[in-house]
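Novice: My questions all concern the structure below.
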């Protein structure tokens with residue numbers, strides 16, 4: 001997540017500026033040449049309906065066009081879970097930029113969601129278990145739940161209780177509502193640095209804020225054969241891919257340079273870090 005509170009620039013500005021110029025979450029080489037998704041004041045940006053659904057699909061198509069998404073499953077889930085349901089009213093949902101959601105938190109940019117979904121795709125097969133640390137508005141948690149299905153389990157952990165409550169309301173309006181009702185999708189208030197041991201181990205773990213080092217509880221809760229995606233670093237950060245091998249050993253590689261807000265305590269976040 002990024003703490004930037006970005007307003008919607010003019011359409012001409014969005015079409016000419018690269019993601020790296022406006023989005024501080026994805027500054028790696030693969031992201032720097034992707035034009036922003038256009039923002040139009042005439043769009044119905046907020047909740048479900050024909051116009052919003054079509055614009056969500058156009059957003060996904062544009063991410064495909066610029067090479068951010070290559071996976072059919074990621075296309076399917078991002079078209080199924082409408083981003084507009086997970087941003088505050090009045091926020092341009094389909095702009096490729098992080099958006100402020102209150103409490104010094106944001107929803108990440110669509111290209112970062114797509115990147116993380118692709119990195120975790122093989123560990124989000126039907127019946128698998130996924131953990132979303134710093135689940136915020138619930139968007140990625142809903143995507144995870146849709147991918148693992150009713151026989152799987154998707155857990156969101158967020159330390160701001162108000163965001164937990166609002167994320168549940170968001171999910172209830174989305175295509176993942178039945179999964180929430182059925183119990184295979186849930187969101188909990190807690191310190192994500194400690195994971196969520198109750199439903200461990202996990203095939204997939206996503207962390208939406210940067211840790212100075214990978215928290216040991218998250219490594220411990222990763223299933224052998226599982227994968228975690230987490231931004232690591234202080235000023236300079238890498239999006240790291242952590243694979244737990246079948247013998248319990250861990251392999252780590254860096255995917256790209258990123259800039260996220262810190263994975264920290266609730267009090268520190270509310271004070272602005």
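Residue numbers (the UniProt record's numbering): 1 to 273. Every residue, glycine too, gets a C-beta built ideally from N, C-alpha and C. Just so we're clear, the structure is a prediction, and the values are computed from it rather than from any experiment.
Indicate whether residue 262 and residue 212 have their beta-carbon atoms separated by less than 9 angstroms.
Specialist: In this structure, residue 212 lies closer than 9 angstroms to residue 262 by Cβ.
Novice: Can you tell me the Cα-Cα spacing of residue 266 and residue 217, whole angstroms?
Specialist: Distance between the alpha carbons of residue 266 and residue 217: 18 angstroms.
Novice: With a CB to CB cut of under 6 angstroms and the five nearest residues on each side skipped, what residues in its chain are close to residue 147?
Specialist: Correct list, in chain order: 77 and 124.
Novice: Nearest by alpha-carbon distance to residue 150: which of 178, 163 and 133 is it?
Specialist: Of the candidates 178, 163 and 133, the one whose C-alpha sits nearest the C-alpha of residue 150 is 178.
Novice: At the level of alpha carbons, what is the spacing between residue 61 and residue 142?
Specialist: Those two C-alpha atoms are separated by around 20 angstroms.
Novice: Check whether the region 116 to 134 and the region 229 to 247 touch, using three or more Cβ-Cβ pairs below 8 angstroms as the test.
Specialist: With the cut-off at 8 angstroms, the region 116 to 134 and the region 229 to 247 touch.
Novice: Would you kindly work out how many angstroms separate the C-alpha atoms of residue 208 and residue 260, rounded to a whole number?
Specialist: Cα-Cα distance, rounded: 8 angstroms.
Novice: Within a Cβ cutoff of 8 angstroms, which residues of the same chain sit near residue 255, ignoring the five residues on either side of it in sequence?
Specialist: Excluding sequence neighbours, residue 255 sits near 28, 115, 119, 229, 238, 239, 240 and 241.
Novice: Who does residue 256 pair with in a DSSP beta bridge?
Specialist: Residue 256 is bridged to 239.
Novice: Going by DSSP, which residues form a beta bridge with residue 106?
Specialist: Answer is 100.
Novice: Tell me the rounded alpha-carbon separation between residue 253 and residue 129.
Specialist: So the two alpha carbons sit approximately 22 angstroms from each other.
Novice: Run the CB neighbour count on residue 244, radius 10 Å, all protein chains shown included, and call it buried at 16 or more, exposed below.
Specialist: Burial call: buried.
Novice: Per DSSP, residue 189 is paired with what?
Specialist: Paired residue(s): 158.
Novice: Enumerated in chain order, which unbroken segments of the beta strand (DSSP E) with a length of 3 residues or greater are wholly contained in the region 208 to 239?
Specialist: The qualifying runs are 222 to 233.
Novice: Where residue 137 and residue 220 are concerned, what is the direct C-alpha to C-alpha distance, given to the nearest angstrom?
Specialist: Near 26 angstroms, if we compare the C-alpha coordinates of residue 220 and residue 137.
Novice: Going by beta carbon distance, what residues of the same chain come within less than 7 angstroms of residue 86, once the five residues before and after it are set aside?
Specialist: Result list for residue 86: 107, 137, 138, 139 and 170, in chain order.
Novice: Tell me where the beta strand (DSSP E) around residue 133 begins and ends.
Specialist: Looking at the DSSP string, the run of the beta strand (DSSP E) that includes residue 133 is 129 to 133.
Novice: Using the rule of at least 16 other Cβ atoms within 10 Å of the residue's Cβ for burial, across every protein chain shown, is residue 63 buried or exposed?
Specialist: Residue 63 should be labelled buried.
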